[in-house]
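For reference, the structure discussed in these notes is given below.
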Amino acid sequence: MDGCACLTGWRLHQGKCYFFSTEKMHWSQSQEYCTSKGAHLVIINNQQEQNFVSSRINETHWIGLSDQDTEGQWVWVDGTPLDRSGTQYWWETEPDNWMGAGDPSGEDCASLGDQTETLITGSTLLVEK
């Protein structure tokens, strides 16, 4: 979003508008929901953005990072590969390809928030440029 205002319910930070959803969805459903709103799951570009997002959540939120196309190759929803030398976007033990909840293929998505909360239906997090 160009300019200095965001839609009602969205938060402005460094020229981007963020929406912190409380609706529970799977990662792919979350991304589809974001697209329907003209946005995408958040792409975290720097430590300031990581701090902004992390300080405003108190439950698990999906971020726009996955390895669903090629296992172990983490890519942001805009197609940019993850720069592993930068900010850490997940817990210290991640990624671990967790295979809980009967999913034999393992997890392919990343999230922020409360590690004790199930990630199968994590909350959504949107960002609009």
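All residue numbers for the sequence shown refer to my numbering, where the first residue is 13 and numbers rise by one. Beta carbons: idealized from backbone N, C-alpha and C, even for Gly.
For residue i, the three-state DSSP class (helix, strand or coil)
i    : result
T128 : Any answer about T128 is weak, because its pLDDT of 48 lies below 50 and its placement is not dependable; what the coordinates show is given next. Coil.
E35  : strand
T72  : coil
C46  : helix
V54  : coil
S123 : strand
M13  : Confidence is the limiting factor: at M13 the pLDDT is only 45, short of 50, which leaves the residue's position unreliable and the question unanswerable from this model.
V65  : helix
L77  : strand
Nonlocal neighbours in the same chain, by C-beta distance under 6 Å from residue i, ignoring five residues either side
i    : result
W88  : I55, G76 and L77
W39  : W74 and C121
T130 : Its pLDDT being 49, under 50, T130 is placed unreliably by the model, and the measurement read from it follows with that caveat. If we look at T130 and ignore the five residues flanking it on each side, it has no Cβ neighbours.
CB of residue i within 8 Å of CB of residue j, strictly
i    : j    : result
G21  : H73  : no
E71  : T136 : no
D120 : D95  : no
C18  : C29  : yes
Whole-Å CB distance - residue i paired with residue j, under 8 Å assumed
i   : j   : result
R68 : F32 : 6 Å
Q62 : H52 : Not really, about 17 Å apart at Cβ, beyond 8 Å.
Same chain only: Cβ atoms within 8 Å of residue i, ignoring 5 sequence neighbours per side
i   : result
S66 : L124
Q26 : Q60, E61 and F64
D90 : H52, I55 and G76
Residue i beta carbon near the ligand ADP (any heavy atom closer than 7 Å)
i   : result
N58 : The ligand ADP is absent from the structure shown, which contains no ligands of any kind.
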